[in-house]
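Novice: The structure follows.
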Amino acid sequence: MERLLGGPPIRTVTVDGEAAEFLTDPVLVRRVLVKDGRHYGKGELFQKARILSRAGLLAQDDAQHRHYRRLAHPYLRTAAVAGHVPVMEEIARDTVASWRPGQPVDIQAQMCRAASGIALNTLFGALPRETSHMLGEHLAALSWEMIRKPLYGKATRWRKPSQRLATAFSAFRSLLVSCVAGRVNSPDDTAGYLSALLTDTGRGTVAALSTDQVCDEAVMMLTAATVTTASVMSWALYLLAEDPLVEEKVLKDLAQTAGWDAGAPSGHGHGPPGYALRFLMEVLRLYPPVWLTCRKALAEVTLGERVLPAGTHVMFSSYLLHRDPDRYPDPHRFDPDRWLTTRPTGQDASYIPFGAGARGCVGEVFAWKELETLLGAVAREWQLTVPPGSRVRAAPHTTLHPERLLMVPHPR
Numbered sequence: 018m019e020r021l022l023g024g025p026p027i028r029t030v031t032v033d034g035e036a037a038e039f040l041t042d043p044v045l046v047r048r049v050l051v052k053d054g055r056h057y058g059k060g061e062l063f064q065k066a067r068i069l070s071r072a073g074l075l076a077q078d079d080a081q082h083r084h085y086r087r088l089a090h091p092y093l094r095t096a097a098v099a100g101h102v103p104v105m106e107e108i109a110r111d112t113v114a115s116w117r118p119g120q121p122v123d124i125q126a127q128m129c130r131a132a133s134g135i136a137l138n139t140l141f142g143a144l145p146r147e148t149s150h151m152l153g154e155h156l157a158a159l160s161w162e163m164i165r166k167p168l169y170g171k172a173t174r175w176r177k178p179s180q181r182l183a184t185a186f187s188a189f190r191s192l193l194v195s196c197v198a199g200r201v202n203s204p205d206d207t208a209g210y211l212s213a214l215l216t217d218t219g220r221g222t223v224a225a226l227s228t229d230q231v232c233d234e235a236v237m238m239l240t241a242a243t244v245t246t247a248s249v250m251s252w253a254l255y256l257l258a259e260d261p262l263v264e265e266k267v268l269k270d271l272a273q274t275a276g277w278d279a280g281a282p283s284g285h286g287h288g289p290p291g292y293a294l295r296f297l298m299e300v301l302r303l304y305p306p307v308w309l310t311c312r313k314a315l316a317e318v319t320l321g322e323r324v325l326p327a328g329t330h331v332m333f334s335s336y337l338l339h340r341d342p343d344r345y346p347d348p349h350r351f352d353p354d355r356w357l358t359t360r361p362t363g364q365d366a367s368y369i370p371f372g373a374g375a376r377g378c379v380g381e382v383f384a385w386k387e388l389e390t391l392l393g394a395v396a397r398e399w400q401l402t403v404p405p406g407s408r409v410r411a412a413p414h415t416t417l418h419p420e421r422l423l424m425v426p427h428p429r
């Protein structure tokens, strides 16, 4: 795939028999996402057989998308994220407390469990302990199946999801329907985004969501928050174990700081980012969870020297953009200190782990704080090692995740 970097900035490719224009120029990608973002809608090449919401935040209609983005924002802005930290820390501690010295753990499954608990208890309000546990277990199972779902190719050509994915989806959604049903007539103002969805009456041309659509939106929000965090944290813990010097620097930084400001998570704040943040920035550079993206031209557009008709699929890969040697010298080397001199500027799309523009990740601030919290909870308590002879490979599925990652915990 990296051979595309040496070619023209726009190249026609075929995905599952459909033509698309593939972009490798970060300036053109930013044009699609930001400057001319209104002329592009969600692409359809990687939407096949997905079982997520088609309304709310994933709506094709810009007005509807903006409405639900504004609805979610109060629960994901900097001040709200700061209030979520105690819950994040408690769930992170509970997750790592279940590990036993010398007994291998499936890191991806564990990170799915932690991230699902955090998503449920911060974005959807306090739940009875038993309900929270059941929802969390089913959400973790659904998220793991979503992570492993092929994004394109022969494996996506069936009309229905795989049996495991369908079963996990049905089990989680059924529990969620019961939970939502109990709040329809008496929504709790403290119940986060779920309460906002239930009490929303729509605005202008945007109709309120039905109860079924609220459930679908909840599944989408919770699953998206879980699969991306679990994938990034799995890579982070693996890379931490691979380099003792990096691990030592991360631990030292975590011990000396009380965490970075959630309002400036991407290194845009004053002064260079601390080492733990640089470490996570580098993890996201090499292994962005949303590694391949598609947009569709809503009208005729001019992109570079090309005129593209309405309906044209436009693709780009953050994985490739982040490994461009013109932007990142020695791009395959894991080097957190490159962020001392290389800073995301927002002038192009050379670093977009959370996307950019009006449809960029609404939960970016939340995600940075969650990653920091999980990294600290694990690294302070356990040193993780990979069993001898293990070979960890990248699996480019719905997210870019380790194909298999068993690690052995040793107490600090």
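Residue numbers 18 to 429, in my numbering, belong to the letters of the sequence shown in order.
The beta carbon of each residue, even a glycine, is placed where N, CA and C say it ideally should be.
Would the C-beta of proline 121 count as close to the ligand FMN, meaning under 7 Å from any of its heavy atoms?
Specialist: For the structure depicted, the ligand FMN is absent and the ligand set is empty, with no information on it obtainable.
Novice: Compute the beta-carbon to beta-carbon distance between leucine 156 and leucine 137, rounded to the nearest angstrom, for a pair I have assumed lies under 8 Å.
Specialist: With 8 Å as the limit, leucine 156 and leucine 137 qualify as a contact, their Cβ atoms being about 7 Å apart.
Novice: Considering just the uninterrupted stretch of the alpha helix (DSSP H) at glutamate 389, what are its terminal residues?
Specialist: Counting along the chain, the alpha helix (DSSP H) containing glutamate 389 begins and ends at 381-398.
Novice: Would you kindly work out how many angstroms separate the C-alpha atoms of alanine 272 and glycine 100, rounded to a whole number?
Specialist: The straight-line gap from Cα to Cα measures roughly 21 Å.
Novice: Just tell me which of Val409, Arg429, Pro428 has its CA closest to the CA of glutamine 125.
Specialist: It is Val409 whose Cα lies nearest to the Cα of glutamine 125.
Novice: Indicate whether arginine 355 and histidine 349 have their beta-carbon atoms separated by less than 8 Å.
Specialist: Going by C-beta atoms, arginine 355 is not nearer than 8 Å to histidine 349.
Novice: Measuring CA to CA, which of Leu152, Arg220, Arg397 is closest to histidine 235?
Specialist: Residue identity check: residue 235 is alanine in the sequence provided, not histidine. Nearest C-alpha to alanine 235: Leu152.
Novice: Note down, one range per segment and in chain order, each alpha helix (DSSP H) of at least 4 residues found wholly within the stretch 43-126.
Specialist: Fully enclosed alpha helix (DSSP H) runs of 4 or longer: 43-47, 79-89, 95-114.
Novice: Taking the alpha helix (DSSP H) that proline 261 falls in, what are its first and last residues?
Specialist: Note, proline 261: alpha helix (DSSP H), 261-273.
Novice: Which whole-angstrom value describes the C-beta separation of tyrosine 304 and valine 249, a residue pair presumed to lie in contact below a C-beta threshold of 8 Å?
Specialist: Indeed, because the Cβ distance is near 7 Å, the residues count as touching under 8 Å.
Novice: With respect to the beta strand (DSSP E) encompassing isoleucine 27, which residues constitute its N-terminal and C-terminal limits?
Specialist: Note, isoleucine 27: beta strand (DSSP E), 27-32.
Novice: Are leucine 215 and phenylalanine 186 closer than 8 Å when you measure CB to CB?
Specialist: The answer is no: Cβ separation not under 8 Å.
Novice: Give every residue of the same chain whose Cβ lies closer than 8 Å to the Cβ of leucine 61, excluding the five residues on either side of it in the sequence, and list them in chain order.
Specialist: It is glutamate, not leucine, that sits at residue 61 in the sequence shown. Taken in chain order, the residues that qualify are Cys311, Lys313, His330.
Novice: Keeping to the same chain, check which residues put their C-beta closer than 7 Å to that of alanine 241; ignore five residues upstream and five downstream.
Specialist: Hits under 7 Å: none found.
Novice: Residue range of the alpha helix (DSSP H) that alanine 158 falls in?
Specialist: Residues 146-164.
Novice: Going by beta-carbon coordinates alone, are proline 103 and alanine 97 separated by less than 8 Å?
Specialist: No.
Novice: For a test of the three-state rule: what should DSSP assign to valine 249, helix, strand or coil?
Specialist: Valine 249: helix per DSSP, three-state reduction.
Novice: Is glutamate 162 buried or exposed, if buried means 16 or more other CB atoms sit within 10 Å of its CB?
Specialist: Glutamate 162 should be labelled buried.
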